[in-house]
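These protein sequence lines are chains A and B, in that order. Going by this note's numbering, the residue at position 79 of the first sequence is 862; the numbering climbs one at a time, nothing skipped. Going by this note's numbering, the residue at position 84 of the second sequence is 867; the numbering climbs one at a time, nothing skipped.
2 protein chains.
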Amino acid sequence: MNINPDWITGFVDGEGCFHVGVNPHNEMSVGFQVLPEFTVVQHKRDIQLLYGLKEYFKCGVVRSNHGDRMAYRVRGIEHLLQIIIPFFVNHPLKSKKRIAFEKFKTILMMISRKEHLKASGVEEIKSIAKQINIIQ
Amino acid sequence: MNINPDWITGFVDGEGCFHVGVNPHNEMSVGFQVLPEFTVVQHKRDIQLLYGLKEYFKCGVVRSNHGDRMAYRVRGIEHLLQIIIPFFVNHPLKSKKRIAFEKFKTILMMISRKEHLKASGVEEIKSIAKQINIIQ
């Protein structure tokens, strides 16, 4: 596939999603696990586009989503920090999804500083994550 | 807006739609009116993207769609034939929407040869238009 950065930005402006889950988790000392993910969902007829993204970014997985839909998904913190975030810093989204991305990036930076392991950090992340969901 | 062809192709792969309506119409001698249109629908918060498309293509209109959604829409036969179709010939879509575009293009070529004004042409256009709807 002849996939290129500007095409990816346009496609993600349409179909991409930045999400941060903050889920109750007994084994975490703060009681919550922070799960950021970047996803692109498509009907299964266009699964080759999702594999194209996986090949381009050299990270993430392609999995079934709901019904006839498939998703390209990146959850690894290092992959998000070292590949996905720099990509969208260098090739900015043009839709309001850019604001969601900026908040997503803020949370990833907090995670890289281990702030998600402190109660105050989790509270701040919860608040930012809520704002992300409102935008998208 | 710094909009470029590859971004447009990616965005339309996600959000674009090629549609051909074949509607009963008393004033047409063949009894039907053929209405092709290219649309991109977005939440109103991203209306600037739709105006960006309008500015880039120098044709079409931005109108409200359903509820909070807005649409960029090109219906003019000459604009479709001279601007939209050449654009996607030169910057091919990567999703299965490309197949819908090819069928859309076939219908526009038939219209340019005035085949939509003959009963046999309308029947063929109806059949192709149905296939377009199945893909998208």
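Positions of the beta carbon are idealized from the N, C-alpha and C atoms, including for glycine.
Any C-beta of chain A under 7 Å from that of residue i
i: K886 of chain B; result: no
i: R828 of chain B; result: yes
i: S812 of chain B; result: no
i: S847 of chain B; result: no
i: G797 of chain B; result: yes
i: L832 of chain B; result: yes
i: N787 of chain B; result: yes
Residue i at chain B interface by Cβ criterion, 7 Å
i: D851 of chain A; result: no
i: E838 of chain A; result: no
i: G793 of chain A; result: yes
i: K922 of chain A; result: With chain A running from 784 to 919 in the structure shown, residue 922 of chain A is simply not present.
i: N806 of chain A; result: no
i: N809 of chain A; result: no
Status (buried if at least 16 other CB within 10 Å, exposed otherwise) for residue i
i: G793 of chain B; result: buried
i: K880 of chain A; result: buried
i: G728 of chain B; result: No information on residue 728 of chain B is available, as it lies outside the stretch 784 to 919 that chain B covers here.
i: K897 of chain A; result: exposed
i: E906 of chain A; result: exposed
i: A902 of chain B; result: exposed
Spatial neighbours of residue i in its chain, beta-carbon cut-off 7 Å, leaving aside the 5 residues before and after
i: Y834 of chain B; result: V845
i: G804 of chain B; result: L818
i: D796 of chain A; result: L876, K877, S878, K880
For residue j and residue i, the rounded distance between their alpha carbons
i: I915 of chain A; j: I882 of chain A; result: 8 Å
i: M784 of chain B; j: K837 of chain A; result: 28 Å
i: L832 of chain A; j: S812 of chain B; result: 44 Å
Own chain partners of residue i with C-beta closer than 8 Å, once the 5 adjacent residues on each side are dropped
i: I911 of chain B; result: V803, K886, T889, I890
i: P788 of chain A; result: F870, N873, H874
Minimum C-alpha distance to residue i - residue among the options
i: F840 of chain B; options: B:E798, B:M853, B:Q865; result: B:Q865
i: I894 of chain B; options: B:H826, B:R858, B:G843; result: B:R858
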